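Comments concern the structure below.
Residue numbers (my numbering), protein chains in the order written: chain V, 2 to 102; chain X, 101 to 820; chain Z, 109 to 277.
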């Protein structure tokens, strides 16, 4: 079977799933964030595969923006994490339950 | 001229209005007296003129003054007839006689009262004469009434004035009670009277007196059983018994002596109490068709006469003696009417008016002289101090006892004669009554004027003067003279009064004329007058009267007359012996037959009987009604209240459970629901992420299955 | 043949490193594996003829973000074990299963789409050669406004990050 961009779609889906599993299972916030980065990467891969499929670069431009957004998000998220760590002295996401009702 | 007959009641009515509206406030005594007496004088003048007119042309004149009740369709025994009543006045011989009595005796008593009531305050003085004039106005309306309703207006009016005048001194409880008693007992009579009027309308379809007489003439005489006519007559007699104090409705008259003496003289001797006799006389044609009722009237009259006379024998109050005497004499009048001698009854009415008024006024002088003393046991020896009164009262006593040739002799003798012709037992009762009458009357004279003077020696009682003396004299003269109008044929007289009154008691002649007030005499009046005169001349010969006068033989008549005179003499002698020569006898007689004495003194315990049964019965019934009323209404109101409270409670429960329940349920649902919902708020980020994932999964699943769903949809669509 | 080998090898690398990222005990290990993952993905970009993006990937992701993560890991001086406390409310098992389900479905969809669509889409030759030039052209004409907005976003993120990470006064 020749390698079509569809294979890359499945690959991106698998990477995405790994990221989701990481978000679900891990309790360390930093690992959580990194799983989210994995998911974003999977999306980027997806877009690039589609760009390849359709022959124009719109997908890549989209992926570029996603990279920018991911960077911004990582920066702000880690800032929040630092602020949170200063308060609660823990990186366990299970202890981030102040909104528990 | 005849149309002015309405002025007869109008003059006293105007006098009453003047005295009532202005007199109480502003008139002084002289003006009040002048107004009252002048109005009576005017009426008397008119009455004389009218009587002369009637004597010349004995035609019944009906004067219609205007409509009262417009025609209302009503159902009577004659079918549908309109019920129509007009203000009509009837002037015929009977009415002429009655108006003369009322205005003449009335005027004399008014004059007397101007002096008698002088000690009253000015306002009360005016009130007295207002009531007196009002009474005369109503009495004249009564005797002049052309139909039953106008008559009834007068009937009720005199009852009202009697009540007002009996209770004239209203600060006295006994006077007020007496007035009330008189009114209530009268009312019982009036009830019968009204029922009689209604029955008369049902039977005859008209209330006009002459119309009723004409209609009754066609009915058969009910000799054997009680028919409709008898019932009407009986009901009318109930009314007459109430007004004229016969058994069983006489109990008010002795108590009515609480009123001032002029009132007793005018109302309870001369005029009002005679209204009952007038009723029977006026409806002579009606009564003549109900012999059973006439028998009842005669028996009641005779029994009343005897009973009242027997009570009068032991009375100690001078006015009560005269009151019972009045009841007794009225009984005699009804006895006369009952045996068919209606004109004799009216004759006795006239003579009785004279001497009873005379006796009352004389007793008033005595009471005045002794400063209000009415107990005869404390009187005596007044012959020396009150000579005029003594003479006039002796004349009156002789008259009532039936001593010839005074008035009472002729009238009473006529009655006893007619009674003898009909029923010996009735005659015996009447004669016994006459004996007792003579006895107690001279007992009164003896106790009052003879014997030692028991009053205050310092104050000398003064005789009647001026306005009190003149009426006494006139009445005395009248007592002597008036008998002569009824001297029977047996004694050589013409029995003028019987002939004069005869047309009133026959069935109506077509020759009566209806004269509308204000309009000229209808054409042909003169001819009809001439015709009537001729017819009357014929009738005088045939004497087509309603009651065939029993012809008694000359010897029998003389014998009876002698017997009457003897009875009178016996009574007088008995009284002389009992009270003048041997004053000890009555006391010993009373001790020996103390039971009888007690029975008579307590007037046969009739008053007590009435009180124990009727009065207390009425009060008990009223109390029971009040209790039932209380329980029923209270129960109803309470039930209503309880019902309202129950409804309110139900409403409250509904509100609490329903409305509040709904609201609370909503809140509870929110509260309990929140417990469930809150469990989703774990505060764990990853749980929220899971939810997102769930959504994604669901979306993907749907996307995957979409072709299959479409397929199924197409399958279904194809199948249908 | 070569393509298949390259693809499957690359796929194994990417997925393997990804798994290591998720399952590493230590955070530093996780970061290292993340870097490696990014690099593998960049290689994948190159294979898919997205050279510019591959470079950006390496520069921004591997060079910037990962360094950031490392700094934060070092800054956070953990005294306790970070994952000691375990909340009983979490349902991670369910999450894993659902993720697997999602994967299965997406794969199914892709396979189905791939099988039902034509094998290859004849693509017209691009007007301008060179990937960077193409991306640059689109970026500065059609997508200029998102470009500017992205710069705004970055500015805001910078400010926010500084604000958050400041020491409390």
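We put the CB at the ideal spot given by N, CA and C, even for glycine. From a predicted model like this one, the values you see are computed outputs, not experimental measurements.
What number of angstroms, rounded off, separates the C-alpha of residue i from the C-alpha of residue j?
i, j, result
"residue 542(X)", "residue 671(X)", "8 Å"
"residue 204(Z)", "residue 93(V)", "19 Å"
"residue 77(X)", "residue 444(X)", "This structure cannot speak to residue 77(X), because chain X is shown only from 101 to 820."
"residue 264(X)", "residue 232(X)", "10 Å"
"residue 757(X)", "residue 788(X)", "41 Å"
"residue 285(X)", "residue 334(X)", "17 Å"
"residue 458(X)", "residue 676(X)", "22 Å"
"residue 609(X)", "residue 308(X)", "Its pLDDT being 48, under 50, residue 609(X) is placed unreliably in this model, and the coordinates cannot settle the point."
"residue 513(X)", "residue 473(X)", "35 Å"
"residue 775(X)", "residue 769(X)", "10 Å"
"residue 58(V)", "residue 157(Z)", "10 Å"
"residue 431(X)", "residue 345(X)", "9 Å"
"residue 145(Z)", "residue 126(Z)", "6 Å"
"residue 456(X)", "residue 409(X)", "15 Å"
"residue 260(X)", "residue 422(X)", "22 Å"
"residue 822(X)", "residue 420(X)", "Past the boundaries of the shown model lies residue 822(X); chain X is included only from 101 to 820, so the question cannot be answered."
"residue 69(V)", "residue 763(X)", "54 Å"
"residue 697(X)", "residue 160(X)", "51 Å"
"residue 745(X)", "residue 727(X)", "26 Å"
Thinking residue i and residue j are a contact (beta carbons under 8 Å), I'd like their distance in whole angstroms, please.
i, j, result
"residue 67(V)", "residue 44(V)", "6 Å"
"residue 162(Z)", "residue 77(V)", "Residue 162(Z) to residue 77(V), Cβ: 26 Å. No contact."
"residue 270(X)", "residue 568(X)", "Rounded, the Cβ-Cβ distance is 25 Å, inconsistent with contact."
"residue 380(X)", "residue 399(X)", "Contact flag wrong, Cβ pair sits at about 14 Å."
"residue 10(V)", "residue 218(Z)", "5 Å"
Determine, for residue i, whether the minimum Cβ-Cβ distance to residues of chain V falls below 8 Å.
i, result
"residue 744(X)", "no"
"residue 748(X)", "no"
"residue 783(X)", "yes"
"residue 805(X)", "no"
"residue 793(X)", "yes"
"residue 260(Z)", "no"
"residue 170(Z)", "no"
"residue 770(X)", "no"
Taking 8 Å as the CB-CB limit, is residue i close to chain X?
i, result
"residue 2(V)", "no"
"residue 213(Z)", "yes"
"residue 25(V)", "yes"
Is there a Cβ from chain Z that is less than 8 Å from the Cβ of residue i?
i, result
"residue 97(V)", "no"
"residue 31(V)", "yes"
"residue 44(V)", "no"
"residue 64(V)", "yes"
"residue 757(X)", "no"
"residue 100(V)", "no"
"residue 777(X)", "no"
"residue 37(V)", "no"
"residue 763(X)", "no"
Chain C partners of residue i, CB-CB under 7 Å?
i, result
"residue 801(X)", "Given the protein chain composition of this structure (V, X and Z), no chain C is represented."
Using the DSSP secondary-structure output, state which residues sit across from residue i in a beta bridge.
i, result
"residue 528(X)", "Per DSSP, none; premise fails for residue 528(X)."
"residue 169(X)", "185(X)"
"residue 45(V)", "Its beta-bridge partners do not exist; DSSP assigns none."
"residue 245(X)", "189(X)"
"residue 417(X)", "475(X)"
"residue 29(V)", "93(V)"
"residue 308(X)", "247(X)"
Give a single yes or no on whether residue i has its beta carbon closer than 7 Å to a heavy atom of the ligand ZN.
i, result
"residue 328(X)", "This structure does not include the ligand ZN; it has no bound ligands of any sort."
Review point. Using 8 Å as the Cβ pair cut-off and three pairs as the minimum, do the region 322-329 of chain X and the region 344-361 of chain X touch?
Key: Verdict: no, contact absent.
So does the region 223-230 of chain X actually touch the region 188-200 of chain X, counting three or more Cβ pairs closer than 8 Å?
-> These segments do not touch.
Whether or not the region 478-495 of chain X and the region 563-577 of chain X are in contact is what I'm after, with contact meaning three or more pairs of Cβ atoms, one per stretch, closer than 8 Å; do they touch?
For the pair of segments examined, the region 563-577 of chain X was found to touch the region 478-495 of chain X: the number of CB pairs separated by less than 8 Å reaches three.
query: With contact counted as at least three CB pairs below 8 Å, one residue from each stretch, are the region 312-319 of chain X and the region 359-367 of chain X in contact?
result: No, they do not touch.
ask   = Counting pairs of Cβ atoms below 8 Å between the region 147-155 of chain Z and the region 171-182 of chain Z, do you hit three or more?
value = Note that the region 147-155 of chain Z does not touch the region 171-182 of chain Z; fewer than 3 beta-carbon pairs, one per stretch, sit closer than 8 Å.
Below 8 Å, how does it come out for the region 111-128 of chain Z and the region 242-258 of chain Z: are there three or more Cβ pairs, yes or no?
Touching, no, given that fewer than three Cβ pairs across the two stretches are closer than 8 Å.
Self-check item: Inter-stretch contact (C-beta, 8 Å, three-pair minimum) for the region 427-442 of chain X and the region 461-472 of chain X
Solution: Cβ pair count under 8 Å is below three, so no.
- Item | At least 3 beta-carbon pairs within less than 8 Å: the region 137-153 of chain X vs the region 190-207 of chain X | With the cut-off at 8 Å, the region 137-153 of chain X and the region 190-207 of chain X touch.
Three or more C-beta pairs under 8 Å: does that hold for the region 528-540 of chain X against the region 474-481 of chain X?
Because the criterion of three Cβ pairs below 8 Å is not met, the region 528-540 of chain X and the region 474-481 of chain X do not touch.
So, do the region 490-500 of chain X and the region 236-250 of chain X have three or more beta carbon pairs nearer to each other than 8 Å?
Touching, no, given that fewer than three Cβ pairs across the two stretches are closer than 8 Å.
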